[in-house]
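These protein sequence lines are chains A and B, in that order.
The first sequence runs 1 to 115 under our numbering.
The second sequence runs 116 to 223 under our numbering.
Ideal Cβ positions, reconstructed from N, Cα and C, are used throughout, including at glycine.
The model shown is predicted, which means the values in this text are computed figures rather than measured ones.
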Amino acid sequence: DAGVTQSPTHLIKTRGQHVTLRCSPISGHKSVSWYQQVLGQGPQFIFQYYEKEERGRGNFPDRFSARQFPNYSSELNVNALLLGDSALYLCASSTRTGATNEKLFFGSGTQLSVL
Amino acid sequence: RKEVEQDPGPFNVPEGATVAFNCTYSNSASQSFFWYRQDCRKEPKLLMSVYSSGNEDGRFTAQLNRASQYISLLIRDSKLSDSATYLCVVRSDYKLSFGAGTTVTVRA
Numbered sequence: 001d002a003g004v005t006q007s008p009t010h011l012i013k014t015r016g017q018h019v020t021l022r023c024s025p026i027s028g029h030k031s032v033s034w035y036q037q038v039l040g041q042g043p044q045f046i047f048q049y050y051e052k053e054e055r056g057r058g059n060f061p062d063r064f065s066a067r068q069f070p071n072y073s074s075e076l077n078v079n080a081l082l083l084g085d086s087a088l089y090l091c092a093s094s095t096r097t098g099a100t101n102e103k104l105f106f107g108s109g110t111q112l113s114v115l
Numbered sequence: 116r117k118e119v120e121q122d123p124g125p126f127n128v129p130e131g132a133t134v135a136f137n138c139t140y141s142n143s144a145s146q147s148f149f150w151y152r153q154d155c156r157k158e159p160k161l162l163m164s165v166y167s168s169g170n171e172d173g174r175f176t177a178q179l180n181r182a183s184q185y186i187s188l189l190i191r192d193s194k195l196s197d198s199a200t201y202l203c204v205v206r207s208d209y210k211l212s213f214g215a216g217t218t219v220t221v222r223a
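Pasting the structure below:
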């Protein structure tokens, strides 16, 4: 079975541009979460979607948005890119949301560089 | 104050040694706890859940102290393949909070 897949794997953008990152969860998983990992830090929570609805949002500006499609895949959009948006963007899927021992499975991430 | 704090290390140990490290968390209402392993700029992978009674998975032992709000991980008989960054993870409702990671390097 395929794991969590993300595309693209690497991306280079310039300040002010817009970017869309894509994620396909593990088959049967209905929850998708997005995390940003800056070099030297742990992943920081951005969004969680379950059954196509936003269930949680981290402390990120409105330039960050996301959505989940009927097939449970997801997109993360970032507008007006800043240099500080350069990071590894991780998508994680799980079977459901909020369960005490819910386990997340991560994709290999999209490395975004903003110049 | 960060939600999850870890000693960044690095812990540089010889093969066969025992290494242990902790993390602390700030939200006393946190519900569940995990250790994830992350190899150089790859995705985090679940190592083990952490239960209040403490639990083992092979050479790995995790402990949780809710009163003091800290979590520990002990690795026995270290292998070269244990070299990685270990992320302490705490769940509060829908959100996972990650520490910055503890780097372990096992040398031959």
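The beta-carbon distance between residue 106/A and residue 90/A, rounded to whole angstroms, is 5 Å. This is short enough to meet the 8 Å contact definition. Using beta-carbon distances, residue 52/A does not count as an interface residue toward chain B, since no partner is under 7 Å. In the structure shown, the three-state DSSP call for residue 104/A is coil.
About 5 Å separates the CB atoms of residue 114/A and residue 81/A; that is less than 8 Å, so the two are in contact. Within the same chain, Cβ atoms closer than 7 Å to the Cβ of residue 144/B are found at 207, the five residues on either side in sequence being excluded. By the criterion of at least three beta-carbon pairs nearer than 8 Å, the segment 207-217 of chain B is not in contact with the segment 160-176 of chain B. At least 7 Å separates the beta-carbon of residue 165/B from that of residue 193/B.
Excluding residues up to 5 positions away in sequence, 177 lie with their Cβ nearer than 6 Å to the Cβ of residue 170/B in the same chain.
Chain A places a beta carbon closer than 7 Å to that of residue 161/B, counting this residue as a contact. Close partners of residue 158/B in chain A (Cβ separation under 7 Å): 90, 106, 107, 108, 109. Taking a contact to require three or more Cβ pairs closer than 8 Å, the segment 66-76 of chain A and the segment 37-53 of chain A qualify as touching. By the rule that beta-carbons nearer than 7 Å mark a contact, residue 185/B does not touch chain A. Note that the C-beta distance between residue 119/B and residue 151/B is not below 7 Å. The contact set of residue 173/B on chain A, defined by CB atoms closer than 9 Å, is empty, because the minimum CB distance reaches about 18 Å.
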